[in-house]
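Here's the structure, in structure tokens; my notes come after.
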Amino acid sequence: MADELVLLDTCVSMFGMRVRIALAEKGIKYEYKEQDLTNKSELLLKMNSINKKIPVLIHNGKPICESLIIVQYIDEVWNDRSPFLPSDPYQRAQARFWADFFDQKAVYAVGKKLVTTKGEEQEAAKKEFLEIYKTMERELGEKPYFGGEKFGYVDIALITFYSWFYVYETLEKFSMEAECPKIVAWAKRCMQKESVAKTLPDQKKVYKRVLELYGLK
Amino acid sequence: MASEDTVKLLGFWASPFSRRVEWALKLKGVDYEYVEEDIFNKSSLLLELNPVHKKVPVLVHHQKVISESYVILEYIDETWKQSPLLLPQDPHERAKARFWARFGEEKLLLASSGAMWSLGEEKERLLKLAIEAMEKIEEEIKGKEFFGGESIGYLDVALGWISYWLPVWEEVGSIQILDPLTFPATTSWAKNFLNHPIIKDNLPPRQKMIPYFHERSKFFSSLPPGWIKI
Numbered sequence: 072m073a074d075e076l077v078l079l080d081t082c083v084s085m086f087g088m089r090v091r092i093a094l095a096e097k098g099i100k101y102e103y104k105e106q107d108l109t110n111k112s113e114l115l116l117k118m119n120s121i122n123k124k125i126p127v128l129i130h131n132g133k134p135i136c137e138s139l140i141i142v143q144y145i146d147e148v149w150n151d152r153s154p155f156l157p158s159d160p161y162q163r164a165q166a167r168f169w170a171d172f173f174d175q176k177a178v179y180a181v182g183k184k185l186v187t188t189k190g191e192e193q194e195a196a197k198k199e200f201l202e203i204y205k206t207m208e209r210e211l212g213e214k215p216y217f218g219g220e221k222f223g224y225v226d227i228a229l230i231t232f233y234s235w236f237y238v239y240e241t242l243e244k245f246s247m248e249a250e251c252p253k254i255v256a257w258a259k260r261c262m263q264k265e266s267v268a269k270t271l272p273d274q275k276k277v278y279k280r281v282l283e284l285y286g287l288k
Numbered sequence: 106m107a108s109e110d111t112v113k114l115l116g117f118w119a120s121p122f123s124r125r126v127e128w129a130l131k132l133k134g135v136d137y138e139y140v141e142e143d144i145f146n147k148s149s150l151l152l153e154l155n156p157v158h159k160k161v162p163v164l165v166h167h168q169k170v171i172s173e174s175y176v177i178l179e180y181i182d183e184t185w186k187q188s189p190l191l192l193p194q195d196p197h198e199r200a201k202a203r204f205w206a207r208f209g210e211e212k213l214l215l216a217s218s219g220a221m222w223s224l225g226e227e228k229e230r231l232l233k234l235a236i237e238a239m240e241k242i243e244e245e246i247k248g249k250e251f252f253g254g255e256s257i258g259y260l261d262v263a264l265g266w267i268s269y270w271l272p273v274w275e276e277v278g279s280i281q282i283l284d285p286l287t288f289p290a291t292t293s294w295a296k297n298f299l300n301h302p303i304i305k306d307n308l309p310p311r312q313k314m315i316p317y318f319h320e321r322s323k324f325f326s327s328l329p330p331g332w333i334k335i
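Given below as structure tokens:
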């Protein structure tokens, strides 16, 4: 029986992008269904009745929700190629820890504060934002990828947020390259991968959209 | 016993997070050395082992350090492959277990503990969220003895705090979330869970929990409102 895969997502979602990169890395074919979150489809409400959020991967009619849970699922089902997680339990624990750390820090929310607030609140957001990335930079160290020699789980978790770097830098007048050079080098390395380059949007397009979204100049 | 086989767990007696790691280790029959941490006066050992979060639980195995309770649970399951297998074998069931563990933490636990110590409108708001989350948990456990099916598993261990910490929080906060009439399946599961021989012998003393959480409530309710992210 051929696998039937449907992805419920929005093209701008950095969480959805994680799943798209994971599917591309494994060379998996799927049907993409763009969702309107202001008018949620019956399918989305049925497949994720708990959170009503995207992304949702539907595999042979069964839903899987939460981007990192979906990425792990993909890795476990299509375990014959391009593994995202290492085989050693301790290395796996480290990967899960760091992806979880990044999500706990809610980079998206911090980044939003960075561009939409002013004064002390903005300064605090900027400090928090840079601290998160500097912590990740220390974890990366001299490795080409968070996964070591190979692009893996933590790389997938983080890289989708790279598409907003230009937004933060331009609006807040700082340079990620100056602040976190290894992270920027890592991101550019990831962008050499077809799965990432084809999934991540153009940074200038994101910038225009953010300006519209938040009514900024 | 060679020193590199030593398993050490840094925990705190009242923490549901370190307790769930103990349950997992005991279910697997893994010997470990327990080190009680005073989380109000953190040891240099804890700060060295978990510099990122500075929290318990922390597991040390073969001198390798693992923190964050859900990460530790998966590590335990993958390292000690003997029965019981905590996570389901089927990938879709595994994904569901991970989803519900996260839901329990992010929606039910935060709202319940928040409802315990907060006051007025905020208390009402969190109580409502906790009950809504409990409704979803109830649907999930209906018809099953354990979340893992016929035997105790990852999700039972992850949600086990509901059976013992929640009633304490309800008493301390003068709230009711796990109403047996509204949530008969969850209530029944909680009883089964507490009766499990491993769990029964691994619970913090209730008479210590009550004054402890009263103290914590006083502390949290004295903080400026709005910091709880739910």
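Protein chains in written order, with the working numbering: chain A, 72 to 288; chain B, 106 to 335. Just so it is clear, CB atoms sit at the ideal spot from N, CA and C, and this is done for glycine as well.
Which residue or residues does DSSP assign as beta-bridge partners of residue i?
i        : result
A/Glu105 : A/Asp80
B/Tyr139 : B/Leu114
A/Leu271 : According to DSSP, which records beta bridges pairwise, A/Leu271 is partnered with nothing at all.
B/Ile257 : DSSP output for B/Ile257 lists no bridge partner at all.
A/Tyr216 : A/Gly219
B/Ser172 : B/Val163
B/Phe251 : B/Gly254
My understanding is that residue i touches residue j, with C-beta atoms under 8 Å, so please give their C-beta distance in whole angstroms.
i        : j        : result
A/Tyr237 : A/Tyr278 : 5 Å
A/Ala170 : A/Leu185 : Wrong, their Cβ atoms sit about 22 Å apart, outside the cutoff.
A/Met88  : A/Thr231 : 4 Å
A/Pro126 : A/Val90  : 5 Å
B/Ser123 : B/Pro162 : 4 Å
On the DSSP letters alone, give me the boundaries of the beta strand (DSSP E) that residue i sits inside.
i        : result
A/Pro134 : 133-136
A/His130 : 127-130
So what does DSSP say about residue i, is it helix, strand or coil?
i        : result
B/His166 : strand
A/Met283 : Correcting the residue identity first, residue 283 of chain A is Glu in this sequence and not Met. Here A/Glu283 sits in helix by DSSP.
A/Val277 : helix
B/Leu232 : helix
A/Ser234 : helix
B/Pro316 : helix
A/Ala228 : helix
A/Lys183 : helix
A/Asp146 : helix
B/Glu226 : helix
A/Ile293 : What is shown of chain A runs 72 to 288, which leaves residue 293 of chain A out entirely.
B/Pro309 : coil
A/Leu291 : The structure shown does not extend to residue 291 of chain A, since chain A is modelled only from 72 to 288, so the question has no answer here.
B/Leu190 : coil
B/Ser123 : helix
B/Ser149 : helix
A/Phe86  : helix
B/Gly219 : helix
B/Ala238 : helix
B/Ala107 : In this predicted model, B/Ala107 has a pLDDT of only 47, less than 50, meaning its place in the structure is not dependable enough to derive any value.
B/Ser322 : helix
Residue i lies in the alpha helix (DSSP H); which residues open and close that run?
i        : result
A/Asp151 : Counting along the chain, A/Asp151 falls outside any alpha helix (DSSP H), and DSSP gives it neither H nor E.
B/Thr76  : Any answer about residue 76 of chain B is impossible in this case: the structure gives chain B only from 106 up to 335.
A/Cys261 : 252-262
A/Ala195 : 190-211
B/Trp185 : Neither: B/Trp185 is in no alpha helix (DSSP H) and is coded neither H nor E.
A/Asp174 : 160-175
A/Leu156 : Per DSSP, A/Leu156 belongs to no alpha helix (DSSP H) and is neither H nor E.
B/Val157 : That residue, B/Val157, is in no alpha helix (DSSP H); it is neither H nor E in DSSP.
B/Gly278 : 266-278
A/Lys124 : Counting along the chain, A/Lys124 falls outside any alpha helix (DSSP H), and DSSP gives it neither H nor E.
B/Pro330 : Unbroken run through B/Pro330: none, as it is neither H nor E.
B/Phe204 : 196-208
Listing by chain order, which chain A residues have their CB less than 7 Å from the CB of residue i?
i        : result
B/Thr184 : Pro160
B/Glu173 : Phe168, Asp171
B/Lys169 : Tyr161
In chain A, which residues lie less than 9 Å from residue i when you measure between Cβ atoms?
i        : result
B/Tyr379 : Given a span of 106 to 335 for chain B in the structure shown, any question on residue 379 of chain B remains unanswerable.
B/Ile335 : Per Cβ cutoff of 9 Å: no residues; B/Ile335 is ~13 Å from chain A at best.
B/Lys133 : Result: empty, since nearest Cβ-Cβ is about 13 Å, beyond 9 Å.
At a CB-CB cut-off below 8 Å, which residues of chain B make contact with residue i?
i        : result
A/Tyr144 : Pro196, His197, Arg199, Ala200
A/Glu96  : In chain order: nothing, as chain B lies at least about 17 Å away.
A/Thr206 : Val157
A/Val225 : Those within 8 Å of A/Val225 in chain B number zero; the least Cβ separation is about 13 Å.
A/Ile140 : Ala200, Arg203, Phe204, Arg207
Run through chain B and tell me which residues come within less than 7 Å of residue i, C-beta to C-beta.
i        : result
A/Ile121 : Phe208, Lys241
A/Glu137 : Phe204, Arg207
A/Asp133 : With the sequence shown as reference, residue 133 of chain A is identified as Lys, and Asp is not the correct amino acid for it. The contacting residues are His197.
A/Val148 : Pro196
At a CB-CB cut-off below 8 Å, which residues of chain A make contact with residue i?
i        : result
B/Val176 : Ala164, Arg167, Phe168, Asp171
* Between the stretch 241-272 of chain B and chain C, which residues of the former have CB atoms less than 8 Å from a CB of the latter, in chain order? -> The displayed structure is made up of protein chains A and B, and chain C is not among them.
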